[in-house]
Each structure stands twice: as C-alpha cells, then as structure tokens.
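Line by line, the protein sequences give chains A and B.
Taking my numbering, I'd label the letters of the first sequence as residues 11 to 412.
Taking my numbering, I'd label the letters of the second sequence as residues 483 to 710.
Don't be surprised by glycine CBs; every beta carbon is placed ideally from N, CA and C.
As the structure is a computational prediction, the values presented were derived from the model and not from experiment.
Below: the structure, in structure tokens.
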Amino acid sequence: MTSILRIAWKNLFRNRRRTLANLTTIALGASALLIYQAFNGGILHEYRENTIHGYYGHGQIFREGYYSQVLEKPWKRWIENPAEVEAKLSKIPEIKGIFPRITVYAFLAKGEKNLGGKGEGIVADRENNFFNQINIEEGHDIQNEKEIILGKGLANSLNVKPGDTVTVLTQTVHGQLNGAELQVAGIFHMGKKVIDDTFFRIPLKVAQELLDVKSVELISIGIEDNTDWSVVEKKIRNMDPQLDPISFQTLDKIYYQNTLDFLEVQFAFIRLVILIVVGLGIFNSISMSLFERAGEVGALRANGESRKRLLAILVSESMLLGLAGGILGIILAVGLDKSALSKGIVMPPGPGVTKPFLVHLYFEPFNFISAVILPMLAAVVAGLWPIQKLLGRSIASLLRAN
Amino acid sequence: MENLYKIQNLKHEYKWNRQSVPILRDLSFDLERGCFSCFVGPSGTGKTTLLNILGLIENPLNGNLIFCGDDLAKASEKVREKIRLHKIGFVFQSFYLIPTLTVFENTSYFLPQLGHSREKSRKWALDVLALLGLENHIDKRPGELSGGERQRVAIARAIAKKPTVVLADEPTANLDSETATRIIKAFKELQCAEGTSFIFSTHDPQLVEFARTVFNMKDGLIQSRVDQ
Ligand SMILES: Nc1ncnc2c1ncn2[C@@H]1O[C@H](COP(=O)(O)OP(=O)(O)OP(=O)(O)O)[C@@H](O)[C@H]1O
Ligand SMILES: [Mg+2]
Numbered sequence: 011m012t013s014i015l016r017i018a019w020k021n022l023f024r025n026r027r028r029t030l031a032n033l034t035t036i037a038l039g040a041s042a043l044l045i046y047q048a049f050n051g052g053i054l055h056e057y058r059e060n061t062i063h064g065y066y067g068h069g070q071i072f073r074e075g076y077y078s079q080v081l082e083k084p085w086k087r088w089i090e091n092p093a094e095v096e097a098k099l100s101k102i103p104e105i106k107g108i109f110p111r112i113t114v115y116a117f118l119a120k121g122e123k124n125l126g127g128k129g130e131g132i133v134a135d136r137e138n139n140f141f142n143q144i145n146i147e148e149g150h151d152i153q154n155e156k157e158i159i160l161g162k163g164l165a166n167s168l169n170v171k172p173g174d175t176v177t178v179l180t181q182t183v184h185g186q187l188n189g190a191e192l193q194v195a196g197i198f199h200m201g202k203k204v205i206d207d208t209f210f211r212i213p214l215k216v217a218q219e220l221l222d223v224k225s226v227e228l229i230s231i232g233i234e235d236n237t238d239w240s241v242v243e244k245k246i247r248n249m250d251p252q253l254d255p256i257s258f259q260t261l262d263k264i265y266y267q268n269t270l271d272f273l274e275v276q277f278a279f280i281r282l283v284i285l286i287v288v289g290l291g292i293f294n295s296i297s298m299s300l301f302e303r304a305g306e307v308g309a310l311r312a313n314g315e316s317r318k319r320l321l322a323i324l325v326s327e328s329m330l331l332g333l334a335g336g337i338l339g340i341i342l343a344v345g346l347d348k349s350a351l352s353k354g355i356v357m358p359p360g361p362g363v364t365k366p367f368l369v370h371l372y373f374e375p376f377n378f379i380s381a382v383i384l385p386m387l388a389a390v391v392a393g394l395w396p397i398q399k400l401l402g403r404s405i406a407s408l409l410r411a412n
Numbered sequence: 483m484e485n486l487y488k489i490q491n492l493k494h495e496y497k498w499n500r501q502s503v504p505i506l507r508d509l510s511f512d513l514e515r516g517c518f519s520c521f522v523g524p525s526g527t528g529k530t531t532l533l534n535i536l537g538l539i540e541n542p543l544n545g546n547l548i549f550c551g552d553d554l555a556k557a558s559e560k561v562r563e564k565i566r567l568h569k570i571g572f573v574f575q576s577f578y579l580i581p582t583l584t585v586f587e588n589t590s591y592f593l594p595q596l597g598h599s600r601e602k603s604r605k606w607a608l609d610v611l612a613l614l615g616l617e618n619h620i621d622k623r624p625g626e627l628s629g630g631e632r633q634r635v636a637i638a639r640a641i642a643k644k645p646t647v648v649l650a651d652e653p654t655a656n657l658d659s660e661t662a663t664r665i666i667k668a669f670k671e672l673q674c675a676e677g678t679s680f681i682f683s684t685h686d687p688q689l690v691e692f693a694r695t696v697f698n699m700k701d702g703l704i705q706s707r708v709d710q
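Written out as structure tokens, the structure reads:
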C-alpha cells in the first residue's frame, strides 16, 4: 500500500508544468467552493445574529399547548406565574437573559390619525442589552413606565416624533375598552419592512394593565454563545414540564429555515457546476499524460505488474492531485478571507429586509473537509475513463504505442 | 532436463480491414533451459510477435505453447500475469523505465510483490546493479543516464526478479555498436552467473555472434536454426 502511494506521489512530478496547471485548476475550484459556501454561511450567520438579537432571542418559552395551537382566548394559556418561572430559569447557568413579553394588538391614536398595530410589552432595561440589533433612529429606548417606541413606518404614518404623546387603545381580556397615554421615546427600525410598519413596544407592566392580566405570554431567553439550544431546552423541560421552549429556528421557520434550504439547493447546483468545470479542466491533461505513458505501462505489465495494482496507482495519482489541489484551495480561500475580503462584503438588502448588510465569510469545519473531498472526487472521476481506457488495451498494443 | 519452451505448430495473425493477415505461419521448435538464443530476420517477419507470445503477453491463435512443462497457449490473463511476474523478465528497445523513480527504485520495482523481505529485496537489487556496473548510479533518475546505462537498468529490473527467462526485443537497437556489444556481454555474464535463459531479437549481425542458438526468420517462418 505505501509503495503504491509512494509511486503515485512521485508520478505527480513527472511533468511539473502539467501538474501545476492541474493543481491550479483544482485549487481554484476548491477555493471557489469554499468561498461560496462560507459566503452563504456568512449570510446565514448574519441573518441568525439579526434574528436572535433583533427579536426572538435564542428561543422562547411558552406554556405547554400555547405555541402550536390557535386559541380563542389565548391569554388563558399564558404563563400565569411569571415571577416563579423566572426564578427557576435563572438557576440554569447557560441562560444569560430572561425577557418576559406580551403581545398587544392595539390602535394607536395621535390627533386625527388612528392606526392598528402590533405591540409588545417588554421589560425594557433587560432587553436593551441583549437585543442590540434594534436600531433606534431617533430618540432613545424605553426608559420609564410611561414611554413607547415605534417602528419607523408606523411612526411615519402617525406623523409622530420623539417627545410626542400617543394614545394606545385596546380591550382588556374581559372585553372592556382600555387605554394609556404614552410618550414616544424613540423610533426604531429592524430592517424588516413588515415589522417596521406595524410594530411598537411598551413596558410590560403597561401591557399587563392594558389587558388586565398578571400573566405573561412568553419568555424570550438568551443563552451562552457556544451552547447548544437543545441542551438548554432539555434542562427547561426537565425543570418544568408545563413549559414549552421553542428555538428561534422554529419560531422563524419561514425566514431562517427556508433561507437555509434555499441557499442549500442553490449551493448544490453551483457545486455541481464547479466540480464539472474542474473535472473537465483536468480531464484533457490526465488523458494526455496517461496516453504518453502507454509504453511504460505496457513494459510494466509485460513484466507481471497487474491491472489491479496499476489501477490503484493511477487512481491514487488523481486522488493525491485532488487532495493537494484541495489543500491549496483552502489556503487560497483562507488567504483571501484574511486579505481582500477581511472587511466583509457589502450586500444589498435581502428578501424582506430593508437595509444593506455586511457579510463576513463564515467557515464551518465541515466546509474544509468538503473542500478537500469533493475536488478529490472530481479528479478521480475525471481520471477514471482514461485510466480504464489505458488499462483496457492489450499489452502488445501498449508496447507498439511509442 | 525438461525444456524451457516447447513450441508446436504455432500460428498467429492479425485482422486488417476484416481480413486475416498471417504473421506467424507454422512454427515448431524447442528451447532448453539456460539457452542464449537469438531471432534474426528482416523487418516485419514476426520477431516481436513471437517474443510477445513466448513472454505470455499475447495468446497465439493456434498451436501449443509449453512453458516449463505447462501448456499455456490458452491460459487466462490472470494466470499469465502471475507467471510473467515470477518467471519472465522483459527488456525492450525503448527501455521504458519510470522517469520519476531512481535507478534503485526502478530495479526493485517488482520485488515487494514477490513476497521477499525488504532486506533481501534490497540486497538482491544492489547485487544485480553491481553485476551490471551501475553501483555508482543507484540514486540517479533515468533522465540522468546514457542510453546504455538506461538499458542496463531495464535489464536489472527484469533480472532482479530472478526470472527463468529474460526476453529482449531488439534491446540494442537504440544504442551504438560498442554499447550494444557491452549489453549483450552483460547478458552473457548474467546467464553464466544466474543460469537465466536469454532470448533476444536483433538486426545487428555483430550481436548474432554471441548467441548460442540463432533462428533465422522470414515471412513468419523459421528458415533455419543454427546452434553455434
Ligand atoms: N495489431 C497489429 N495491427 C497491424 N499490424 C500488425 C499488428 N501486429 C503485428 N502487425 C504486423 O505484423 C507484422 C509482424 O510484426 P512484428 O512486429 O512481429 O515484426 P518484427 O519482425 O518484429 O519487425 P521489426 O524487425 O520491424 O521489429 C508486421 O508487418 C506488423 O506490421
Ligand atoms: Mg519487432
């Protein structure tokens, strides 16, 4: 075995220029694969950070049976004893932030103008640190129990600015009209039009008073950066089976999971194209160099070398070529990432997003593995046919060749 | 002693535009072990074809080919491959060495497959190289050697296997006459030292002198056999 690999390796130095050309082709292909994949990874990473730190947190905890059902009186399945649950959650070391919330559908009125919006009651002083993707364009975050912040589109439609007062009108869970006068503290955008056009935030306490409840709808949580969600999820379920923790991927299925799937399919196609281009790129040169070796191969076979061993040697040659090319490709891609692309790539707004964003290449360990394995496979496949053809020839015809 | 080869009514042809063109018409001869034989004759008379058949590279169309007591005229490639590895060494006009391997590596190329230990293989290869006067070149690549030296490496590769017979198809055609004579002398020495049988083909009348048995071929037939 070692002798086969050794012979194969040495054969790569037969025609250095040709090998170099092949290596370049494979390395370019491998680095294109890697950069493309890391770029997709970067987009997803960016999106993930945005989603986690913009709205959902790493996940949200509901009361059992709430998230998966549409209920006529949803508040009946809210978390009734938030203080107790919070106390329990704070005992789980991986949990960094606990953010109880309530959704409030309300009318916002300012002078003649009157608009429906979806609001959220939050504990502002806790959320402001973790949810750093909310961009306050004007004014500031909620700082006391009398303030409200509005999405940019909503604020525009109501024609309000920080310092103005708006009236929030809603019904309590018992059906009575209720309202609160709140001062606009700031105007934000999250980069998603649907949110920016209808969304507002008010202090949790105000929301509870408006709805006349003591419960909270859900508790968003933030966890340690390198912790697996599933670990935390398990701990929460073990602690209190009444709680139903759901990851942000599931909560944001439409965007996150679909984006992931979409990019995956697109990448599969591009990957195929790149591999075919690499394969075709080296096919000619492999064919030619094998053709030139006909006499030599004939002489080896005349002396008793078996087809099987020759096949192993020749396939190993393609494999080593692919491997070396792949490694060079990785070096190239990482080099580019550290130099030309180190500042990231500015991307125009993606689907459903209003602001341009900066993508940094984001390499996952398995990206490197596939950047080596796939070009290696392409090289082996490219070599198979010419190798097969060479070994299929009779020894006499091989010997007559040169 | 049993014969090295026993050839009876050997025939071979090739297909050209769906027509069969005979190359070897009807050959019968014996060769004893330890022979030093040579096939001569004009171009196209079938010398290469005959050596290929003797070397189990091609199966003959017809006739008996008995090598070391076994009739191999219809043997499968698997069987022939094994016999070639263990019993036959081949040398060609164009050397056909592996340019990326050193003289030593080329010489010992087949030895691991023969199941000998590393130490034994190494000693063996070095002995053969010394016998052929190549001991100062073992770490060179074929590209750094002269034609005669390269052919001696090819011979070393064939002989290192300790085959029963070495077949050489015009081994000196690419060499000047002085070098050619040296190569044939090397064959002769190896034959004496190892008892290996040698069969070669040539156009060179000078080399014919060295052979103990000379077969004159013409048009796919053996015209005469001279034991000198
Ligand atoms: N596969 C083949 N296709 C076409 N012609 C062939 C084939 N094999 C052998 N021949 C022909 O058969 C004849 C004998 O060939 P062979 O090579 O055995 O002759 P030779 O005596 O070795 O000639 P030379 O002295 O030139 O080497 C030649 O005419 C050659 O062209
Ligand atoms: Mg010939």
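Residue range of the alpha helix (DSSP H) that includes residue i
i, result
"B:C550", "From DSSP, B:C550 is part of no alpha helix (DSSP H); its letter is neither H nor E."
"A:K120", "That residue, A:K120, is in no alpha helix (DSSP H); its beta strand (DSSP E) goes I105 to K120."
"A:G163", "K162 to L168"
"A:M329", "R317 to K348"
"A:M298", "N268 to E302"
"B:Q663", "A small fix is needed here, since residue 663 of chain B is Thr in this sequence, not Gln. S659 to E676 is the span of the alpha helix (DSSP H), which, as asked, contains B:T663."
Alpha-carbon spacing of residue i relative to residue j, whole angstroms
i, j, result
"A:T34", "B:I548", "53 Å"
"A:V226", "A:P92", "6 Å"
"A:P375", "A:G232", "25 Å"
"B:G528", "B:I704", "10 Å"
"A:A77", "A:G51", "One detail in the question is off: residue 77 of chain A reads as Tyr in this sequence, not Ala. C-alpha separation (whole angstroms): 29 Å."
"B:S628", "A:E274", "58 Å"
"B:L657", "B:D686", "11 Å"
"A:Q187", "A:K101", "Note on identity: in this sequence residue 187 of chain A is Leu, with Gln being the wrong assignment. The straight-line gap from Cα to Cα measures roughly 39 Å."
"A:E90", "A:L228", "10 Å"
"A:S257", "A:I292", "46 Å"
"B:G516", "A:L321", "35 Å"
"A:K106", "A:V356", "31 Å"
"A:G308", "A:V382", "33 Å"
"B:N546", "B:L486", "13 Å"
"A:D271", "A:S316", "47 Å"
"B:C550", "B:L596", "19 Å"
"A:L164", "A:K123", "11 Å"
Proximity test, residue i beta-carbon vs ligand 2 heavy atom, cut-off 6 Å
i, result
"A:T35", "no"
"B:T661", "no"
Nonlocal neighbours in the same chain, by C-beta distance under 7 Å from residue i, ignoring five residues either side
i, result
"A:A37", "G335, L338, G339 and L342"
"A:L371", "I45, A48, F49, G52, D347 and L351"
"A:V390", "V325, S328, M329 and G332"
"A:A31", "S295"
Close-in-space but distant-in-sequence residues of the same chain around residue i (CB under 8 Å, 5 per side omitted)
i, result
"B:P504", "K493, H494, E495 and G702"
"B:K497", "V503"
"A:P172", "E148, G149, H150, V194, A195, G196 and I197"
"B:E676", "I641 and K644"
"A:E130", "R111, I112, T113, V114, F209, F210, R211, I212 and A217"
"A:A312", "I405 and L409"
Residue i: CB within 6 Å of a non-hydrogen atom of ligand 1
i, result
"B:S525", "yes"
"A:G402", "no"
"B:K529", "yes"
"B:Y496", "yes"
"A:I17", "no"
"B:I505", "yes"
Sequence-distant residues of the same chain with beta carbon closer than 6 Å to residue i, five excluded per side
i, result
"A:K120", "L168, V170 and V176"
"A:I53", "V369"
Interface flag, residue i vs chain D, CB-CB below 7 Å
i, result
"A:E306", "The chain labelled as chain D is not found among the protein chains of the depicted structure, namely A and B."
Going along the region 255-286 of chain A in order, which residues come within less than 9 Å of chain B, judged by CB to CB distance?
Across the region 255-286 of chain A, no CB contact with chain B closer than 9 Å is found for any residue.
Closer than 7 Å, Cβ to Cβ, to anything on chain A: give me those residues from the region 620-635 of chain B, in chain order.
Correct list: empty, as no residue qualifies.
For the region 23-40 of chain A, which residues have a CB atom closer than 9 Å to at least one CB atom of chain B, in sequence order?
Correct list: F23 and R24.
Between the region 345-361 of chain A and chain B, which residues of the former have CB atoms less than 7 Å from a CB of the latter, in chain order?
From the region 345-361 of chain A, no residue has a Cβ closer than 7 Å to chain B.
According to a CB-to-CB cut-off of less than 7 Å, which residues of the region 577-594 of chain B neighbour chain A?
For the region 577-594 of chain B, the set of positions with a beta-carbon nearer than 7 Å to some beta-carbon of chain A reads Y578, I580, P581, T582, L583, F592 and P594 in chain order.
Could you list the residues in the region 314-326 of chain A with a C-beta less than 9 Å from some C-beta on chain B, going in chain order?
Of all residues in the region 314-326 of chain A, G314, E315, S316, R317 and R319 have a Cβ within less than 9 Å of some Cβ in chain B.
Counting only Cβ-Cβ distances shorter than 8 Å, please list the residues of the region 394-408 of chain A near chain B, keeping chain order.
Answer set for the region 394-408 of chain A: S404, I405 and A406.
Using a Cβ cut-off of 9 Å, which residues of the region 517-532 of chain B contact any Cβ in chain A, in chain order?
Residues T530 and T531.
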